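Novice:
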Amino acid sequence: MLFRSHLKELYGIEVSDGTLSAITDRIIPAIKEWQNRPLESVYPVIWLDAMHFKVRDNGVVKTKAIYSILGVSQEGEKEVIGIYFGEHESSVFWRQVLHELKMRGVEDIFIACIDNLRGFGDAIEDIFPLTDVQLCLVHQMRNSMKYISDKDLKPMVNDLKKIYKATNEDMAKHYLTEAEKIWGEKYIIIFRSWHNNWERLTNFFKYPPALRKVIYTTNPIESYHRMVRKVTKTKGAFVSEDAIVKQIYLATINAQNRWNGSIFGWSSVRRDLKDYFSNRFLTNDTLN
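Our numbering numbers the first residue of the sequence shown as 61 and each following residue consecutively.
(1) Compare the Cα-Cα distances from Gln156 to each of Lys211, Ile184, Asp175, Glu238 and report the closest residue.
(2) Any contact between the region 312 to 323 and the region 249 to 264? By contact I mean 3 or more CB pairs, one from each, below 8 Å.
(3) Closest by CA to Arg164, which one among Tyr309, Ile248, Glu238, Tyr103?
(4) Starting from Asp192, follow the beta strand (DSSP E) in both directions and report where the run begins and ends.
(5) Run through the DSSP bridge pairs and tell me what Met216 is partnered with.
(6) Would you check if there are 3 or more beta carbon pairs closer than 8 Å linking the region 212 to 227 to the region 304 to 311?
(7) Given a cut-off of 8 Å on the beta-carbon distance, is the pair Ala297 and Val121 in contact?
(8) Which of the three DSSP states is assigned to Trp154 in this structure?
(9) Does the Cβ of Arg202 have 16 or more other Cβ atoms within 10 Å, making it buried, or fewer, making it exposed?
(10) Tell me the rounded alpha-carbon separation between Leu333 and Glu229.
(11) According to DSSP, is Pro189 part of a helix, a strand, or is it coil?
(12) Buried or exposed for Asp345, please, with buried defined as at least 16 other CB atoms from any protein chain shown within 10 angstroms of its CB.
(13) Please confirm whether Asp192 and Ser101 have their CB atoms less than 8 Å apart.
(14) For Asp335, I'd like the list of residues in its chain whose CB is within less than 8 Å of its CB, leaving aside the five on either flank, ordered along the chain.
Okay, here's the thing in structure tokens:
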């Protein structure tokens, strides 16, 4: 555990599970306060995803989901907006989380980057109707690869990559058509998915280049999840939901300290955002 390793490394102290739990239980009020803190009214970009952990529930080990939201402020500072505990990942639970964001003060989100969970995009657009939903193209590629035979994998992936590496949506559509001519008959299910999700997959093409690089994938929140898993990977199954939340909270605070400052290339991204969302961007004379 993160806290135990710090005690061992810094002070040479080893503590029992019971003592450690009693110490860390004292942060529960701080976690609740953090979870319910007021949020900024505008977030230009947010990424939403879930992690899954095993937890003991009445003697039975179950897999449960932790929902997390990573946002970037108008100043370019990354912030974990919240973490939420659910039985499993579902658009219904995400809808509840989105309603809570409104209650905590969020009025506008320009772009929300997500994976392709059924109903997730619809939930975002219902609650934040001005928000553009961008499906993660890396997830789309991974999902496509599940259905490709080993023999076809390399050439077909090369053809599919041309789609999201295109300079504009028209060229992307052209590459999709060309790939479908070659592979469509054999892999109907893959191209059905690309067509069904096309609008949300290609949303990023309407933005300037610097902004495109930030939103075409959910990598930013996956990077945060990797930081969390570094301190949770040694656990087989957590003894309770609180035990998971405590570790994730500590890892999150550590991550935010490491992120100190704006995200890489934010000045260019911010200019793109202001150009595209000029009527929704809250101006501040102290900002460039």
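In this text, a Cβ means the ideal position worked out from N, Cα and C, and glycines have one as well. Owing to the predicted nature of the structure, the values given are computational and were not obtained by experimental measurement.
Specialist: By the coordinates alone:
(1) If we check each option's Cα against that of Gln156, Ile184 comes out closest.
(2) Remark: fewer than three beta-carbon pairs, one from each stretch, lie closer than 8 Å, so the region 312 to 323 and the region 249 to 264 are not flagged as touching.
(3) Between Arg164 and the set Tyr309, Ile248, Glu238, Tyr103, the nearest pair of CA atoms involves Tyr103.
(4) Boundaries of the beta strand (DSSP E) around Asp192: 192 to 195.
(5) Answer is none; Met216 lacks a bridge partner.
(6) Flag = no, the region 212 to 227 and the region 304 to 311 do not touch.
(7) The Cβ atoms of Ala297 and Val121 sit closer than 8 Å to each other.
(8) In the structure shown, Trp154 sits in a helix (DSSP, three-state: H, G or I).
(9) Arg202 counts as exposed, since fewer than 16 other C-beta atoms from the protein chains shown sit within 10 angstroms of its C-beta.
(10) Going by the C-alpha atoms only, they are around 19 Å apart.
(11) If DSSP states are grouped into helix, strand and coil, Pro189 belongs with coil.
(12) The predicted position of Asp345 is uncertain, since its pLDDT is 40 and thus under 50; no value can be drawn from it.
(13) No; because the gap between Cβ atoms is not below 8 Å, this pair is not in contact.
(14) Pro268, listed in sequence order.
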